[in-house]
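**Student:** So that we are looking at the same thing, I have put the structure below in structure tokens.
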Amino acid sequence: MIPMRWTHEKSQGFTLIEIAMVLVIIGLILAGILKAREIIRQAKIHQAIQESRVWQAAYLSYIDRFGQKPGDDNTQADRWPDMINGNSDGYIAGTTCSGDHEESCLAIRALMHAGYIEGDGSIPQPKPKLALGGEAHLFSYTVNGKTGVWLLHNGSVPKDMLQEMDRKFDDGLCYSGTMIAYNYWHNFYCNATTGDYAVDHGYRIRLE
6 MIPMRWTHEK SQGFTLIEIA MVLVIIGLIL AGILKAREII RQAKIHQAIQ
56 ESRVWQAAYL SYIDRFGQKP GDDNTQADRW PDMINGNSDG YIAGTTCSGD
106 HEESCLAIRA LMHAGYIEGD GSIPQPKPKL ALGGEAHLFS YTVNGKTGVW
156 LLHNGSVPKD MLQEMDRKFD DGLCYSGTMI AYNYWHNFYC NATTGDYAVD
206 HGYRIRLE
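Going by our numbering, the sequence shown opens with residue 6, and the numbers climb by one from there.
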């Protein structure tokens, strides 16, 4: 009988070169993921800025065409029977759309009926979604002693994204200019010293 011989092969682990190659590959994958996220983030900011310009163009086009502000227009019900007329005092009354007869609700409906923004103008309380996920509201508002018409993004946007959007679109300050914080006057939302956005929240864009 021939005795069996057991052979012991040395188990070989990963070499330093192989480990280094794996780490490089992992690093490249992570870098690609981060880059993709940043590209998506920048695309969203760009889309939000362009969207604001579309709303401004829609608002001003309505005035140019009908001679009055949407929602405040005292002839809008003559064109669209499901609407009611505004009081034509030059002020779009209301805040966030919450009542069928509020001019802030009627303003968005009028823009929809006129074909300047997408949506069903027959809906009593329209709240169209904006690029960054929040609801759109349109009404007159006084900022730093000056009354204008503002588009409100009612939703939560990361504060660093708000900051970057403001720098690209406006003056980079949360309390002044064309873009401001949701409640620009409150230090919880807007740092009055640095001008930085202080919390994830909505924002306002001046249309006029």
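Just so you know, even glycine gets a beta-carbon here, dropped at the ideal spot from N, CA and C.
Identify the continuous beta strand (DSSP E) that holds H51 and give its terminal residues.
**Tutor:** Sequence index remark: in the sequence shown, residue 51 carries index 46 (1-based). Run containing H51: none in the beta strand (DSSP E); it sits in the alpha helix (DSSP H), L21 to F71.
**Student:** Rounded to whole angstroms, what's the CA-CA distance from A25 to G32? Just pull it up for me.
**Tutor:** Taking the sequence shown and counting its residues from 1, one reaches residue 25 at position 20. Taking the sequence shown and counting its residues from 1, one reaches residue 32 at position 27. The alpha-carbon atoms of A25 and G32 are separated by roughly 10 Å.
**Student:** Using only CA atoms, which one of L39, Q130, Q73 and P131 lies nearest to V154?
**Tutor:** Walking along the sequence shown from the start, residue 154 turns up at place 149. Here the closest residue by C-alpha is Q73.
**Student:** Which same chain residues, not among the five before or five after E169, have their C-beta less than 7 Å away from its C-beta?
**Tutor:** By 1-based counting over the sequence shown, the position of residue 169 is 164. Excluding residues within five positions, the ones whose Cβ falls inside 7 Å are I50.
**Student:** Whether or not the segment 110–118 and the segment 36–49 are in contact is what I'm after, with contact meaning three or more pairs of Cβ atoms, one per stretch, closer than 8 Å; do they touch?
**Tutor:** Segments in contact, no.
**Student:** Report the CB separation of G207 from V162 in whole angstroms; it is logged as a contact under 8 Å.
**Tutor:** Position 202 of the sequence shown, counted from the start, is the residue given in the question as residue 207. Position 157 of the sequence shown, counted from the start, is the residue given in the question as residue 162. The pair is a contact, with the Cβ atoms about 7 Å apart (cut-off 8 Å).
**Student:** Between A63 and R70, what straight-line distance do the alpha-carbon atoms span, to the nearest angstrom?
**Tutor:** Here the question's residue 63 lines up with position 58 in the sequence shown. Here the question's residue 70 lines up with position 65 in the sequence shown. Spanning the two alpha carbons is a distance of roughly 10 Å.
**Student:** Taking its Cβ as the centre, do 16 or more other Cβ atoms sit within 10 Å of D83, making it buried, or is it exposed?
**Tutor:** Counted from its first residue, the sequence shown places residue 83 at position 78. Label assigned to D83: exposed.
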